[in-house]
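Novice:
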Amino acid sequence: MNRREFLLSTVATGAMALAASSAFAADKLTILGSVPNLGFPFFVHMLNEIKAEAQAQGVNLTESDGQNSAPKQTADIEAALVQKVNAIVISPLDVNALAPAIEEAVKAGVPVVTIDRRVDGVEGILAHVGADNVKGGEAEAQAMVAAFPNGAKLFHLQGQPGAGPAIDRNKGVHNVLDPLKDKYQIIFEQTANFARAEALSVTEAGLAANGKPDAIICANDDMALGALEACAARNFNDVKIYGFDALPEALVAVRDGKLAGTVEQFPGQQSRTAVQIAVAFARDKTEPKEKLVLLTPIVIGKDNLDKAERLNETK
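Just so we're aligned, residue 793 is where the sequence shown starts under this note's numbering, counting upward by one.
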């Protein structure tokens, strides 16, 4: 082989390798990871875990921030279908408003795995991975009952109407407290839409109208921290406040005795499991062992902080 033949052979080999590499890249699976709103630390953590698991699985990830808008999250799903993604992992902002877009994906043959928020009205969703939010709400209420064996007056801050976790957590709280309403009176109950600033103003209004409660049960940590701020402004520092989600900031507040507890629902484990299920099916049609995977939440207090998924993020 002369020099010219060698060079031509080398170029051809390189071109073939590049073509093979490009083909591999083109064949690499792409999934959509969609969360309701990256303005909430909970969903930032969830998307980060989706991203980490997608990388571990060797697939591309298209990220979607619903920006607290059902039309925006719907549009992201529709765009992903046009781009022919291989699977969708989604936590829907509103389980009813997102149902048509999810149904469209299912009909297009794209496997959909929901996380955190379950869509019951759509047939053909591959799987749902989440926490048993009813049990989480029950655990939260039971922790409050254990702290006040002789009874208590309490506020209840509910989550965003239409959101599955808000509906289920509310159900769990009432499952425990309604049969005990003679001893445990909910003297103020209102939604604060999972938002800290709104929880602050809602709690302020509740305190002004009803006085100091013994405890405040909140459907997430952002609301618990807003309620904490409202109580601190009035020097009501002995009100026991319970959150839900085990955010790092809430874990610090539990450690420091400012919050009585928070419910850990293991969102990282939810997210990673959902990606694993979606990728396995997209690759070789592997059906999940279970269509419904529900993790059991636990209440985190000072005595079991080591059980919190995000303890290493606390300062």
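Here a beta-carbon is modelled for each residue, glycine too, at the ideal position from N, C-alpha and C.
1. Ends of the beta strand (DSSP E) at Ile1033?
2. For Lys820, count neighbouring Cβ atoms within 10 angstroms of its own Cβ and tell me buried if that reaches 16, exposed if not.
3. How is Asn1002 classed by DSSP in three states: helix, strand or coil?
4. Ordered along the chain, which non-local residues of its own chain (more than five positions away) have a Cβ less than 7 angstroms from that of Thr1065?
5. Spatial neighbours of Phe816 within its chain, please: CB distance less than 6 angstroms, with the 5 preceding and 5 following residues excluded, ordered by chain position.
6. When you compare each of Ser993, Pro1005 and Asp1006 to Leu1017 by their alpha carbons, which one comes out closest?
7. Can you name, in chain order, every residue of its own chain whose Cβ lies under 7 angstroms from the Cβ of Val1091, other than the five neighbours on each side?
8. Spatial neighbours of Gly929 within its chain, please: C-beta separation below 6 angstroms, excluding the five flanking residues on both sides.
9. Give me the residue from Gln849, Val968, Gln847 and Leu890 with the minimum Cα distance to Ser826.
10. Ends of the beta strand (DSSP E) at Val874?
11. Can you tell which of Arg909, Phe1058 and Asp924 has its C-alpha closest to the C-alpha of Pro953?
12. In the DSSP assignment, the beta strand (DSSP E) including Asn852 goes from what residue to what residue?
13. In angstroms, rounded to a whole number, what distance separates the CA positions of Phe980 and Ala862?
14. For Val851, collect the residues of the same chain with a Cβ closer than 7 angstroms to its Cβ; drop the 5 residues on either side in sequence, then sort them by chain order.
15. Among all the DSSP beta bridges, which residues are the ones paired with Ser826?
16. Expressed to the nearest angstrom, what Euclidean distance is found between the alpha-carbon atoms of Ala871 and Asn1029?
17. Between the C-alpha atoms of Ala848 and Asn860, what's the straight-line distance to the nearest angstrom?
18. Is Ile1092 helix, strand or coil when you go by DSSP?
19. From Pro1089 to Arg1102, what does the alpha carbon distance come to, in whole angstroms?
20. Just tell me which of Cys1010, Glu915, Pro892 and Ala1025 has its CA closest to the CA of Ala1000.
21. When the Cα of Lys1094 is compared with those of Val902, Val904 and Lys1050, which residue comes out closest?
22. Quick check: what's the CA-CA separation for Val898 versus Glu915?
23. Please check the pair Pro1080 and Ala919, which I expect to be a contact at CB under 8 angstroms, by giving their CB distance rounded to whole angstroms.
24. Is Glu996 closer than 7 angstroms to Ala1022 when the C-beta atoms are compared?
25. Have a look at Asp974 and Leu839 and give me their C-alpha separation to the nearest angstrom.
26. Just to confirm the assignment, what range does the beta strand (DSSP E) spanning Glu1056 have?
27. Beta-carbon separation of Gln982 and Lys945 under 7 angstroms?
28. In angstroms with no decimal places, state the Cα-to-Cα distance between Val881 and Pro957.
29. Quick check on DSSP: helix, strand or coil for Leu1039?
30. My assumption, with CB atoms under 8 angstroms, is that Gln865 sits in contact with Pro828. Please give the rounded CB distance.
31. If you check the beta carbons only, do Ile907 and Ser883 fall under 7 angstroms apart?
32. Report the three-state DSSP secondary structure of Ile842 (helix, strand or coil).
33. Just to confirm, is the Cβ distance from Gly1060 to Glu841 under 7 angstroms?
Specialist: Concretely, from the data shown:
1. Lys1032 to Phe1036
2. exposed
3. DSSP, reduced to helix, strand and coil, places Asn1002 within a helical segment of the structure shown.
4. Val921 and Val1085
5. Caution applies to Phe816, whose pLDDT of 35 falls short of 50 and renders its modelled position unreliable; the value that the coordinates give is listed next. Closer than 6 angstroms at the Cβ level, and outside the excluded window around Phe816, lies no residue.
6. Ser993
7. Ala931, Glu932, Ala935, Gly1053 and Val1055
8. Arg961, Gly964 and Val965
9. Comparing alpha-carbon positions, the option among Gln849, Val968, Gln847 and Leu890 lying closest to Ser826 turns out to be Leu890.
10. Per DSSP, Val874 belongs to no beta strand (DSSP E); it is in the alpha helix (DSSP H), Ala862 to Val874.
11. Arg909
12. Asn852 to Asp857
13. 29 angstroms
14. Close CB contacts of Val851 within its chain, under the 7 angstroms cut and outside five residues either way in sequence, are with Lys820, Leu821, Thr822, Ile823 and Val1071 (chain order).
15. Ser856 and Ile882
16. 49 angstroms
17. 28 angstroms
18. strand
19. 14 angstroms
20. Ala1025
21. Lys1050
22. Note on geometry: alpha-carbon atoms of Val898 and Glu915 lie some 8 angstroms from one another.
23. Between Pro1080 and Ala919 a beta carbon distance of about 5 angstroms is seen, short of the 8 angstroms cut, so the two are scored as contacting.
24. yes
25. 43 angstroms
26. Gly1053 to Glu1056
27. no
28. 17 angstroms
29. coil
30. 7 angstroms
31. yes
32. The answer is helix: DSSP assigns Ile842 an H, G or I state.
33. yes
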